[in-house]
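Enquirer:
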Amino acid sequence: MSAKTPSATENFSTDTPAKKVWTDEEFMALSRDGHRYEVVDGELIDMGNSGAKHGYIAILLSSALFAVVMAQKLGALFDSSTAFKMKNGNKRSPDISFFAKERLQELADLPIGFLDGAPDLAIEILSPTNTIEEIDSKLIEYFENGSRLVWVVNPTQHYVLVYRSGQEPDRLLKSSDFLDGEDVIPGFMFPVADLFQKLSF
């Protein structure tokens, strides 16, 4: 009696491999290697390091925001090393983030781990490696998780896109315009031109 010849697919599983679920502890431990990561759909994304112009814009904008946020006690400001937990399990790290005090009042102190939800204001400063699909995906997640305002800064083309939803931008701001904190950071106004100024010393 001859042995049965197996079919071409008989010895292969058709199951899709399960994506890793990163615990908060595992994700936080990754920072020890000096890299900055996000988790998107179970995949670990190395965000890489930023260039000089990117970092300079982040400092200019963070400093201006910090002055208003602290003076009015509006909430808490975070840098790009801070990750936030989305409802779908993703962990996102905007370049600059602001959480309003109303969402933090139940906390006696900020956690060592991650805050749930997206910041009220999320700021993304574009890098040469960013894709349209990547930014669109972030915008959708931010607004699905609590963001009320998103600024996307383009250092190369010298403009800022202002979003109030994950769809089309509300406004395109050029160098003659001002960034407005609106009802998210009342009283904040910043000249867009100052973001892209050349060194003057």
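If you read the sequence shown in this note's numbering, its first letter stands for residue 1, the second for the next number, and so on.
By construction, the Cβ of each residue, glycine as well, lies at the ideal position given by its N, Cα and C atoms.
1) With 16 other CB atoms within 10 Å as the buried threshold, where does residue 86 fall?
2) Can you check DSSP and say which residues form a bridge with residue 166?
3) Please report the distance separating the alpha-carbon of residue 148 from that of residue 76.
4) Thinking just about the alpha-carbon of each residue, which of 190, 94, 101 and 65 is nearest to the one in residue 138?
5) Nearest-angstrom Cα distance between residue 118 and residue 57?
6) From the DSSP output, which residues share a beta bridge with residue 100?
7) List in chain order: all unbroken beta strand (DSSP E) runs of 3+ residues lying wholly within the stretch 123–174.
8) Taking residue 179 as part of the beta strand (DSSP E), name the residues at either end of that continuous run.
9) Check for me: the beta strand (DSSP E) holding residue 191 runs from which residue to which?
10) Using DSSP bridges, identify the partner residues of residue 116.
11) What residue from 156, 143, 176 and 177 has the CA that sits closest to residue 163's CA?
12) Under a three-way DSSP split, which group does residue 121 fall into?
13) Near residue 82, what residues of its chain come up, given a Cβ to Cβ distance below 7 Å and the 5 sequence neighbours on each side ignored?
14) What's the call for residue 123, buried or exposed, on a 16-neighbour Cβ count within 10 Å?
15) If we ignore side chains and look at the alpha-carbon of each, how far apart do residue 188 and residue 88 end up?
16) Taking the Cβ atom as the reference point for each residue, do residue 195 and residue 110 lie within a distance shorter than 8 Å?
17) Under 8 Å, do residue 140 and residue 181 count as touching if we go by C-beta distance?
18) What does the Cβ neighbour count give for residue 66, buried or exposed, with the cut at 16 atoms within 10 Å?
19) Within 10 Å of its beta-carbon, does residue 91 have 16 or more other beta-carbons around it, so buried, or fewer, so exposed?
Expert: On the basis of the data shown:
1) Here residue 86 refers to the residue found at position 86 when the sequence shown is read from its first residue. By the neighbour-count rule (16 or more Cβ atoms within 10 Å), residue 86 is buried.
2) Numbered from 1 along the sequence shown, position 166 holds the residue referred to as residue 166. None; residue 166 has no bridge partner.
3) As a working note, residue 148 is residue 148 in the sequence shown. As a working note, residue 76 is residue 76 in the sequence shown. So the alpha carbons of these two residues sit roughly 15 Å apart.
4) Stepping through the sequence shown from its first residue, residue 138 is reached at position 138. Comparing Cα positions, the closest option is 94.
5) Numbered from 1 along the sequence shown, position 118 holds the residue referred to as residue 118. Numbered from 1 along the sequence shown, position 57 holds the residue referred to as residue 57. So the two alpha carbons sit approximately 22 Å from each other.
6) For the purposes of this step, residue 100 is taken as residue 100 along the sequence shown, with counting starting at 1. According to DSSP, which records beta bridges pairwise, residue 100 is partnered with 75.
7) 149–154, 159–163 and 171–173
8) As a working mapping, residue 179 is identified with position 179 in the sequence shown. Boundaries of the beta strand (DSSP E) harbouring residue 179: 178–180, taken from the DSSP string.
9) On the sequence shown, residue 191 is found 191 positions in, with the first residue counted as 1. 189–191 is the span of the beta strand (DSSP E), which, as asked, contains residue 191.
10) If you number the sequence shown from 1, residue 116 lands on position 116. DSSP lists 85 as partners of residue 116.
11) Here residue 163 refers to the residue found at position 163 when the sequence shown is read from its first residue. Closest option to residue 163, Cα to Cα, is 143.
12) As a position in the sequence shown, residue 121 is number 121, starting the count at 1. Looking at residue 121 - three-state DSSP - the assignment turns out to be strand.
13) Your numbering for residue 82 matches position 82 in the sequence shown. Excluding sequence neighbours, residue 82 sits near 93 and 97.
14) For the purposes of this step, residue 123 is identified with residue 123 of the sequence shown, where counting begins at 1. With 16 or more Cβ atoms within 10 Å of its Cβ, residue 123 is classed as buried.
15) Taking the sequence shown and counting its residues from 1, the one referred to as residue 188 is at position 188. Taking the sequence shown and counting its residues from 1, the one referred to as residue 88 is at position 88. For residue 188 and residue 88, the distance between alpha carbons rounds to 32 Å.
16) Stepping through the sequence shown from its first residue, residue 195 is reached at position 195. Stepping through the sequence shown from its first residue, residue 110 is reached at position 110. Contact: no.
17) Stepping through the sequence shown from its first residue, residue 140 is reached at position 140. Stepping through the sequence shown from its first residue, residue 181 is reached at position 181. No, they are not a contact pair.
18) The sequence position of residue 66 within the sequence shown is 66, counting from 1. By the neighbour-count rule (16 or more Cβ atoms within 10 Å), residue 66 is not buried but exposed.
19) Position 91 of the sequence shown, counted from the start, is the residue given in the question as residue 91. With 16 or more other Cβ atoms within 10 Å, it is buried.
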